[in-house]
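First comes the structure, then the notes that go with it.
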Amino acid sequence: MKEIKMVDLQTQYLNIKNDIDNAIKSVLDSSAFINGKHVQEFSSHLGEYLGVKHVIPCANGTDALQIALMSLDLKPSDEIICPDFTFISSAEVIGLLRLHPVLVDVDYNSFTSTLKNIESAITVKTKAIIPVHLFGQAAEMEAIMDLANKYNLYVIEDTAQALGSDYIFSDNTKKKLGTIGTIGCTSFFPSKNLGCYGDGGAVFTNNDDLYDRMKMIANHGCKKKYYHEIIGMNSRLDTLQAAVLDVKLKHLDEYIESRRKAAHYYTDKLQGIEDIVTPCENAYSYHTYHQYTLKVLNGKRSELKEFLNSKNIPAMIYYPVPLHKQEAFRTIARTHSSLEISEQLSQEVLSLPMHTELDKEQQDYIICSIKEFFNK
Ligand SMILES: *Cc1c(COP(=O)(O)O)cnc(C)c1O
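The numbering of the sequence shown is this note's numbering, which starts it at 31 and goes up by one.
Next comes the structure, spelled out in structure tokens:
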């Protein structure tokens, strides 16, 4: 059996090696290492894939969130609502811009912020909501958009873990996650659904004014070179990474299907174990399983993790500490309600190996090992 990894980027590369090598070589041959045609081509292909008017590539997913927030007319001490149980980026850029993250509890089943919690956190200072489509599952976007319209709030979707996922509206129409809110943000970190071979990210929007503004922000605040209208950033997608991404974008749907197939296999085989809750799929969400995350009950998580590790099976805790317990947010974060689900999840979650090259033999070994642990 091949060594089991959380993410097997090497085998994935070997399967498309020729195309990737040629794409990298064409950048080397052109020696246009900053921007240039590869970046433009990839951006327009991604826009077509997502069905969104504008894509602005940038240096990473955290920058994408920062660019999005900087493009809105916010002032210090404005409040932005984001989930308590997630990766740090969304709350981090809120703090960096001297705004206040208002942390809300998440739903136990879907790991995403619930409408009720978001609504109860809205104050006169609230300016935006950042739903995070955690682990590849959509937050309740239709209801969140209604709420945002009612209170006149911006919605910035953190799509770093869910690029390619469809949102299914109640009338059965679909849209790609990241294209429903005011602005969508994503990351091309190597392990993400669409990952490059280094860092990368992008923002998307259908709004022409925000597009102009975000493009300017990502480019030192200027439209015309050396004429700076606002304070911006230097955030570019590397040209080599754009060339890699343009090749991998063609495989994204196929990669998503492999993840879903592997996830459904786990879910099917792991039924009936008392101390394990397998992930759910909400009806409105075409789950892309960036992570396959179990909940391990009755305090058995660390023992299970150690047992799996001793059998050369990696398993990871995403995320061990909820944001409201992070020292960095001690003075700036606000909360209006209990964050008990988030705390509970940080004690129970365990993500199993999940990637596009996971084979049945590896999965059977992982599943058998989990069963062995619980039958001991
Ligand atoms: C990965 C990730 C980010 C940040 O992406 P980087 O490219 O690493 O900056 C932001 N939000 C979520 C939910 C992520 O998983």
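Glycine residues also receive a C-beta, built at the ideal position from the N, C-alpha and C atoms.
State yes or no: is the C-beta of Asp188 nearer than 6 Å to some heavy atom of ligand 1? yes
Please classify Tyr257 as buried or exposed, where buried requires at least 16 other C-beta atoms within 10 Å of its C-beta. exposed
Beta carbon of Thr142 nearer than 7 Å to that of Leu164: yes
DSSP three-state label for Asn264, please. strand
Would you mind reading off the limits of the alpha helix (DSSP H) that contains Phe403? Lys390 to Asn405
Less than 8 Å between the CB atoms is what I'm expecting for Ile400 and Leu275, so what's the real figure, rounded? 35 Å between Cβ atoms; not a contact.
For Gln321, verify whether its CB is less than 6 Å away from any heavy atom of ligand 1. no
Whose C-beta lies closer than 7 Å to the C-beta of Met36 among residues of the same chain, with five residues either side of it excluded? Pro344, Met346 and Pro383
Ser143: beta carbon under 6 Å from a heavy atom of ligand 1? No, ligand 1 has no heavy atom inside 6 Å of this Cβ.
7 Å Cβ cutoff met for Val132 and Arg364: Between Val132 and Arg364, the C-beta spacing is below 7 Å.
In this structure, does DSSP put Lys341 in helix, strand or coil? coil
Test item: CB-CB of Ile247 and Phe404 under 7 Å: Result no, Cβ atoms of Ile247 and Phe404 do not sit closer than 7 Å.
Between which two residues does the alpha helix (DSSP H) holding Leu44 run? Leu39 to Asn45
Counting C-beta neighbours from all protein chains within 10 Å, is the total for Lys278 16 or more, i.e. buried, or is it exposed? buried
Under the rule that 16 or more other beta-carbon atoms within 10 Å means buried, what is Ile64, buried or exposed? exposed
Indicate, with yes or no, if ligand 1 has a heavy atom lying under 6 Å from the CB of Leu264. It should be noted that the sequence gives Asn, not Leu, for residue 264. Not under cutoff, so the answer is no.
Across which residues does DSSP place Phe234 in a beta bridge pair? Val85 and Gly214
Three CB pairs or more closer than 8 Å across the region 313-325 and the region 181-201: yes
Taking Ile54 as the reference, which of Arg243, Asn45, Gln40 and Thr269 has the closest Cα? Thr269
Taking 8 Å as the limit between beta carbons, can you name the residues of its chain near Leu126, skipping five residues before and five after? Gln96
Distance between beta carbons of Asp114 and Leu353, contact taken as under 8 Å: Under the criterion of beta carbons closer than 8 Å, Leu353 and Asp114 qualify as touching, at roughly 5 Å.
Expressed to the nearest angstrom, what Euclidean distance is found between the alpha-carbon atoms of Gly91 and Phe234? 12 Å
From Lys335, Tyr227 and Ser372, residue whose alpha carbon lies closest to that of Lys47: Tyr227
Output the distance between the C-alpha atoms of Val326 and Met171, rounded to the nearest integer angstrom. 28 Å
Within a Cβ cutoff of 7 Å, which residues of the same chain sit near Ile174, ignoring the five residues on either side of it in sequence? Leu145, Ile148, Ile159, Pro161 and Val185
For Arg364: DSSP bridge partner residues: Val132
Backbone secondary structure at Ala121 - three-state DSSP: helix
Is the beta carbon of Phe218 sitting closer than 7 Å to the one on Gly230? yes
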